[in-house]
Amino acid sequence: MGTTVKDLRIADAEELKKSLRQKNIRISSRRINDLLNKIETSQQKFPTLEQQALLIHLLYNYDTTKKKEVIFLEELNNTDNNKGMPVTFVLGALAEDWPGMSNSILGIVHHKKRNVLFIKGFTLDLGDRILGIVILSFQLNSQEEYENFLQEKKKLITEIKDAAHGTTGKYRLLDDEAVKAEIYNKILKRIKEVHHNSEFVKIIEDSGEVLKFVSSRSREYLEERKIKDLANLILNNYIAQNMIRCGEAEEVIRIKNFETKSEELTGLSFVCKEDLFSVEDFLKTLEHIIPGHIIRHHKSYVTRDGILVYRIEIVDRNARPLDAKIIKSIEAYMDKLITISCSKKFTKLKSIGGIEHYARAIIPFLSEELKNTKLTQVFINVDNKTEFLIHIKLIIVSFKAKKNRIYSLISRLSMVPGIGINSSIPTKIHGKKIEINILRLRVNLSEFSSIKQIFNAIKEIVKKDYGDIRDFDEGFRDIYIKILNQLLEQLKNVDAALVREIYFNIDELYRIEVSPNLLLELIHLCVEAINESREIPSEKVLFKYKHIPTSNRTLVVISYINNKRLLSRLAPKLKDVTWYFTKIEWEQRSYMIMILSKNNRMVEDKFIMELMDKINACGFQEIKQQTIAIETEC
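Using our numbering, you'd call the opening residue of the sequence shown number 93 and step up by one each time.
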């Protein structure tokens with residue numbers, strides 16, 4: 093790494109002056125000597141003689157042991173075990189040279205939070221091979237730090253030895269990080285040039301948004317995009333998050349076409365509260381708006397305070413960016429997703445069977461959760477929403493109390509500006525110990541900054557009369573995620589994306605009503621249908637069914653090309669049975685999934701044959717596949 097201090101002190105001052113003049117640097121001999129003294133002083137912690145001793149030790153050991161890597165880590169001038177602090181350690185590493193060797197070793201030392209005082213690295217040509225040599229020193233400043241280091245010293249030597257050994261993979265990783273570090277610095281510079289306000293300091297600090305952004309993207313992604321676009325993306329995400337936190341917006345949507353080095357893309361950024369947006373729902377709808385679109389980049393994360401930051405970059409099926417009309421359609425749809433998000437579950441409930449579904453599914457579910465958690469269960473949902481008002485249904489399921497708490501709750505709610513009571517259903521007793529109260533509220537939106545704030549305000553008021561509570565969404569989410577994880581564990585050999593596609597297309601309430609084993613059988617049958625559909629002509633219809641005696645249900649999966657409207661043809665036949673229906677799209681085919689029963693029993697084979705005859709009568713070419721299996725208890 094250049095001339096040593098000893099060499100410099102021997103050098104003729106006039107020769108040094110001549111050399112400096114060639115670099116257009118004019119310094120007096122006296123000034124040169126002053127600077128040389130400072131350099132010598134700075135290296136007293138690792139004197140030249142000690143450096144030379146370590147280098148000779150490394151080379152001698154390499155010659156005598158024939159090891160590919162030689163590592164020494166020792167305390168400098170360790171003559172007294174009770175010496176004072178600080179203590180200096182020196183490290184020497186020798187190995188066959190490769191690009192990035194010194195960076196790899198230095199990275200290990202820095203990772204252990206050791207501040208390097210001195211480092212020297214150079215190569216030594218032995219004719220048939222070239223050796224890389226790195227020597228460095230670092231300091232420990234306390235007895236505790238010293239003792240901890242002695243315990244991990246052996247491990248550090250092993251890590252240094254591994255780091256010294258060169259591989260293509262290591263070089264690639266180091267090269268990637270070097271490129272990313274360069275891009276990181278350019279983004280910092282761009283943000284500093286454009287924005288001088290103090291509000292953006294957090295973005296560029298050591299653990300700020302820029303570092304998080306760059307470290308979580310691939311080298312290829314960063315290299316393909318302009319520094320200006322990367323900086324703007326980070327800034328816009330940061331501003332959007334603050335807008336959500338401050339209540340200035342429910343969501344922030346940005347859609348813009350931009351150029352990379354190789355193509356033009358449409359970039360979509362979306363920021364909102366996590367519970368107001370479903371990525372799965374959006375991706376499904378995106379396929380309908382832009383059939384065959386290609387995703388070039390897709391990333392989402394949730395901040396610690398529950399803000400979703402979502403980014404997707406796409407092109408259409410012809411690898412072109414989206415036109416303005418399509419972009420407006422996407423913006424309108426995403427805005428609609430937020431508007432209806434708070435009433436989505438209620439809409440689904442009514443689609444299953446009207447308001448009586450509360451009694452059939454939700455209230456028993458809440459009662460069971462009350463028994464399990466011993467916490468009052470609260471269900472808040474939106475009946476209707478206008479520009480100025482929101483109508484809310486509030487269901488409270490609790491253990492009976494000596495005093496009637498509902499009157500106190502009504503009084504508290506009525507005192508809140510913007511909240512009015514539309515109606516109250518008399519308290520219902522479920523069993524002997526559980527009481528159910530249902531209120532309908534009218535809320536003036538102008539009094540609140542967001543729907544989330546309304547829900548939180550209602551829950552805080554309920555707590556004053558009922559103590560600790562558990563909201564419906566929390567229990568609901570825990571249960572169906574638990575079921576999904578069980579299915580994924582049992583279906584390890586099935587594409588996890590397919591399992592999720594089937595599972596999330598089944599209504600949320602229905603998922604917790606039916607047994608997990610029935611869902612498992614349903615997914616198995618659907619997977620079989622998908623596998624068999626790959627082997628048949630596209631115009632053919634595939635029909636599969638399976639009886640599940642322990643659930644008293646019959647499962648049916650029908651595979652067909654997307655333009656076949658089978659449901660409308662089969663509906664007249666299905667009116668005589670109880671049936672649940674959903675549909676998925678997979679590999680350019682539609683899969684109609686049905687769960688059938690009659691009088692709470694499986695349908696007969698005769699009924700199945702009539703369904704297949706109905707398909708034939710519609711003029712479709714159909715392949716009959718029958719699976720009549722008996723499910724056994726585990």
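Glycine included, every Cβ here is placed at the ideal spot set by N, Cα and C.
Query, Result
"Report yes if the C-beta distance between residue 608 and residue 694 is below 8 Å; otherwise report no.", "no"
"With respect to the alpha helix (DSSP H) encompassing residue 502, which residues constitute its N-terminal and C-terminal limits?", "497–506"
"Exposed or buried, what is residue 106 when buried is set at 16 or more other beta-carbons lying within 10 Å of its beta-carbon?", "exposed"
"Look up residue 469 in the DSSP assignment and give the residues it is bridged to.", "489 and 562"
"So for residue 202, helix, strand or coil by DSSP?", "helix"
"Can residue 531 and residue 516 be called in contact, C-beta distance under 8 Å?", "yes"
"If contacts are defined as beta-carbon pairs under 8 Å, then residue 511 and residue 535 qualify, I think. What distance do you get, rounded to the angstrom?", "5 Å"
"If you drop the 5 nearest sequence neighbours on each side, which residues of the same chain put their C-beta closer than 6 Å to that of residue 526?", "459"
"For residue 540, which three-state DSSP category applies?", "coil"
"DSSP has residue 614 in a bridge; who is on the other side?", "Answer is none; residue 614 lacks a bridge partner."
"Among the residues of its own chain, which have a CB less than 7 Å from the CB of residue 665, if the five just before and after it don't count?", "702, 703 and 706"
"For residue 385, does the three-state DSSP call read helix, strand or coil?", "coil"
"Quick test of the definition: if touching needs 3 or more C-beta pairs under 8 Å, does the segment 377–390 touch the segment 320–327?", "no"
"Looking only at its own chain, which residues have a Cβ that is under 6 Å from the Cβ of residue 700, when we skip the five neighbours before and after it?", "637"
"Please return the same chain residues whose Cβ sits closer than 8 Å to the Cβ of residue 502, not counting the five positions on each side in sequence.", "513, 516 and 531"
"Measuring straight from C-alpha to C-alpha, what distance separates residue 627 and residue 354?", "38 Å"
"Counting pairs of beta carbons, one from the segment 150–162 and one from the segment 195–212, are three or more of them closer than 8 Å?", "no"
"When burial is assigned at 16 or more other CB atoms within 10 Å of the CB, is residue 557 buried or exposed?", "buried"
"For residue 426 and residue 374, what's the separation of their Cα atoms in angstroms?", "8 Å"
"With a threshold of 8 Å on Cβ separation, who are the neighbours of residue 523 within its own chain once the five nearest residues in sequence on each side are excluded?", "459"
"If you scan the segment 221–251 from start to end, which runs of the beta strand (DSSP E) of 3 or more residues do you find wholly inside it?", "222–232"
"Where does residue 585 sit, in a helix, a strand or coil, going by DSSP?", "coil"
"Span of the beta strand (DSSP E) holding residue 651?", "645–653"
"Enumerate, from N- to C-terminal direction, the unbroken alpha helix (DSSP H) stretches of 4 or more residues contained entirely within the segment 648–708.", "658–666"
"Where does residue 91 fall in DSSP's three states?", "Within the shown structure, residues of the chain are numbered from 93 to 726, placing residue 91 beyond reach of any answer."
"What distance in whole Å lies between the Cβ atoms of residue 624 and residue 653, which are believed to be in contact at a cut-off of 8 Å?", "In fact, because the Cβ distance is near 15 Å, the residues do not count as touching under 8 Å."
"Assuming residue 358 is part of the beta strand (DSSP E), what are its boundary residues?", "356–365"
"Look at the alpha carbon of residue 634 and the alpha carbon of residue 545, and state the distance between them as a whole number of angstroms.", "50 Å"
"Applying the criterion that 16 or more other CB atoms from any shown protein chain within 10 Å of the CB defines a buried residue, is residue 208 buried or exposed?", "exposed"
"Write down the C-beta distance between residue 645 and residue 689 rounded to the nearest angstrom, noting that I regard them as a contact closer than 8 Å.", "5 Å"
"How is the beta strand (DSSP E) around residue 119 delimited, first residue to last?", "Premise fails: residue 119 is in no beta strand (DSSP E) and is neither H nor E."
"With 16 as the cutoff for other CB atoms within 10 Å, does residue 322 come out buried or exposed?", "buried"
"Go to residue 350, then tell me how far its beta strand (DSSP E) extends in each direction, as first and last residue.", "343–351"
"Answer with buried or exposed for residue 518, where buried requires no fewer than 16 other C-beta atoms within 10 angstroms of its C-beta.", "exposed"
"Helix, strand or coil: how does DSSP classify residue 163 here?", "strand"
"Measuring CA to CA, which of 356, 621, 674 and 669 is closest to residue 659?", "674"
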